[in-house]
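Everything below concerns the one structure shown next.
Number of protein chains: 2
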Amino acid sequence: MERPYQLILDNVSRFIDLTKLEQQKYISLLTTVKVKRKAFLMQAGEIAKYEYFITKGCLKVYTLDEDGAPHISMFAVEDYWTGDLASFITKEPSRYFIKATEDSELLGVSRVNYDLLFQEIPKFERFYRMLYQRSLINYIRRSNHGISLTAEERYIEFKKKYPEIVNRITQKDLAGYIGITPEFMSKIISKVNRM
Amino acid sequence: MERPYQLILDNVSRFIDLTKLEQQKYISLLTTVKVKRKAFLMQAGEIAKYEYFITKGCLKVYTLDEDGAPHISMFAVEDYWTGDLASFITKEPSRYFIKATEDSELLGVSRVNYDLLFQEIPKFERFYRMLYQRSLINYIRRSNHGISLTAEERYIEFKKKYPEIVNRITQKDLAGYIGITPEFMSKIISKVNRM
DNA sequence: TAAAAGTCTTAAACTAGTTCATTTTTTTTC
DNA sequence: GAAAAAAAATGAACTAGTTTAAGACTTTTA
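Line by line, the protein sequences are chains A and B. Residues in the first sequence are numbered from 1 upward in steps of one, following my numbering. Residues in the second sequence are numbered from 1 upward in steps of one, following my numbering.
See below:
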């Protein structure tokens, strides 16, 4: 089996067991997508047509505020799911941009195939129940942490939680994720390194 | 049918249809809980034994930081689900307190019954898939908003989004939710009212 | 491989939000 | 319904993080 399919099946198998036939059916519903570094997978104003699983590369998901300043909501690397769930589900225009920070390869599930999946392989209700349950736990933690920690503490937490991502992104993008200016990020890093 | 059961069945029926028999089975798995104003439904250090649906009243979910300052992660009123999902699922001790701010009545789903539910009525995989999907969309919005808006903007958003809750909670608790001090909350409110 | 573009650093002046202390107002309790 | 307790308001001194600007360093591109 090709590596990308193996990766996504391994991901799915963390929560549900699929028969060979179900695996084939699932794979038939996936679309392969490649994006070059700096290219957009999706732009604000569009309706999110896919949810993506990353098999190679790194992407950032962000919005621009009224002043045009970027706010990064997530970085996604191999074995991560990404997209704009709100837009994908509600079919309202997205406010997010998704841009590759490295040449990347993804598997996309279209909205039509997403609905079809639950009809054809009802087990996927469980898969998504578990996937969303886990994401929800992470987001609840994050939205409480975000509000109660200082920027320096959030930086230290990020480094501890995502050591493999820190080295793949710019300091500027990390600032956009932490919620501070690149200048202040620079100060924090030089301070933390001195400690 | 008693009002609390009618309320929870209405809530469930937004996402799935249950037969009369399934309704009865579901209700048999629920535990009725009453908490007086100022009493705790749950305290930090305990393992979350239930997920709760509120049929009457109002509760706040919060942690205490190292300095003992409260950070409120949600207010829950009639027709809301609450609890500590992370502790409920992982069975690790919770860091949250849940305290009633009014005399309240709830229906609890124990961890054992939660697992049983999926075996007995597999449709509930879909219900929770949809429920978590919707919560996730809200949390993603909130965790991005939290970081990019000023405290004043977050207050205005809260009032617009939860007008029915604003009048049921203290200004101090709202400050704990918005992520600022009660003193600064007071300033913001008098400023916003003057506008 | 040179030029251009983008990223990182540093520093000074500024602002949103905190802290601490005091008074007034509202709510709770007996 | 009086006393006690808690919440809200106000103000002055403080701090975490922003803004603006300029120079050094790195990466990208032709």
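Heads up, the beta-carbon is just placed ideally off N, CA and C, and yes, glycines get one too.
- For SER186/A, the number of other beta carbons within 10 angstroms of its own is below 16, and it is reported as exposed.
- Rounded to whole angstroms, GLN43/B and TYR5/A show a C-alpha spacing of 44 Å.
- Against chain A, a Cβ distance below 8 Å from ALA76/B picks out nothing, because the smallest value is about 13 Å.
- Note on the region 146 to 181 of chain A: there is no whole beta strand (DSSP E) run with a minimum of 3 residues.
- Exposed is the label assigned to ARG37/B, since fewer than 16 other Cβ atoms lie within 10 Å of its Cβ.
- Where GLU120/B is concerned, the enclosing alpha helix (DSSP H) starts and stops at 111 to 120.
- When rounded, the separation of the alpha-carbon atoms in THR181/A and ASN167/A is 19 Å.
- The beta carbon of GLU51/B lies closer than 6 Å to those of GLY83, PHE88 and VAL109 in the same chain, with the five residues before and after it left out.
- By the neighbour-count criterion, in which a residue is buried when 16 or more other Cβ atoms sit within 10 angstroms of its Cβ, ASP115/A is exposed.
- Its Cα nearest to that of GLY45/B, the residue THR63/B stands out among ASN138/B, GLU22/B, ILE16/B and THR63/B.
- For THR90/B, the secondary structure class from DSSP, reduced to helix, strand or coil, is helix.
- With contacts defined by Cβ atoms closer than 9 Å, LYS123/B and GLU22/B form a contacting pair.
- Interface flag for LEU59/B against chain A is unset, since no Cβ pair is found closer than 9 Å.
- For GLN119/A, no chain B residue has a Cβ inside 8 Å of its Cβ, as the nearest lies near 11 Å away.
- In the DSSP annotation of this structure, the continuous segment of the beta strand (DSSP E) that includes LYS99/B starts and ends at 97 to 100.
- Sequence-ordered contacts of the region 127 to 141 of chain B with chain A read TYR128, ARG129, TYR132, GLN133, SER135, LEU136, ILE137, TYR139, ILE140 and ARG141 [C-beta pairs closer than 8 Å].
- Annotation: Cβ neighbours of LEU85/A in chain B (cutoff 9 Å, chain order): GLN133, LEU136, ILE137 and ILE140.
- In terms of beta-carbon proximity, ILE189/B stays away from the interface with chain A, with every pair separated by 9 Å or more.
- As the crow flies, the alpha-carbon of PRO70/A is around 6 Å from that of GLY176/A.
- Note on GLU183/B: under 16 other CB atoms within 10 angstroms of its CB, so exposed under the neighbour-count rule.
- Contact between PHE53/A and ASN11/A holds: their C-beta atoms lie close to 7 Å from each other, under 8 Å.
- For ALA151/A and SER143/B, the gap between their C-alpha atoms comes out near 15 Å.
- Around the beta carbon of GLY57/B, 16 or more other beta carbons sit within 10 angstroms, so the residue counts as buried.
- Within chain A, the residues whose beta carbon sits less than 7 Å from that of ILE147/B are HIS71, GLY146 and GLY179, listed in sequence order.
- Secondary structure note for GLU22/A: its alpha helix (DSSP H) is the uninterrupted segment 20 to 28.
- Excluding five sequence positions before and after ARG3/B, the CB atoms of its chain that fall closer than 8 Å to its own CB belong to THR55, given in chain order.
- The three-state reading of DSSP puts LYS123/A in helix, counting H, G and I together.
- DSSP places PHE53/B in the strand class (E or B) of the three-state scheme.
- Below 8 Å, enough C-beta pairs join the region 135 to 142 of chain B and the region 72 to 86 of chain A to call them touching: three or more.
- Sequence-distant Cβ neighbours of LEU106/A in its own chain, meaning closer than 6 Å and more than five residues away, are VAL33, TYR52 and ILE54.
- For the set ILE169/B, GLU92/B, THR170/B and ILE178/B, the Cα lying nearest the Cα of GLU157/B is the one of ILE178/B.
- Residue contact check for ASP65/B against chain A: a CB pair falls below 9 Å.
- Listed by position along chain A, the residues whose Cβ is nearer than 9 Å to that of SER94/B form an empty set, because the closest Cβ is around 12 Å away.
- Residue range 70 to 77 is occupied by the beta strand (DSSP E) that includes ILE72/B.
- In the three-state DSSP reduction, TYR132/B falls in the helix class (H, G or I).
- Cβ atoms of LEU59/A and SER94/A stay farther apart than 8 Å, at about 14 Å.
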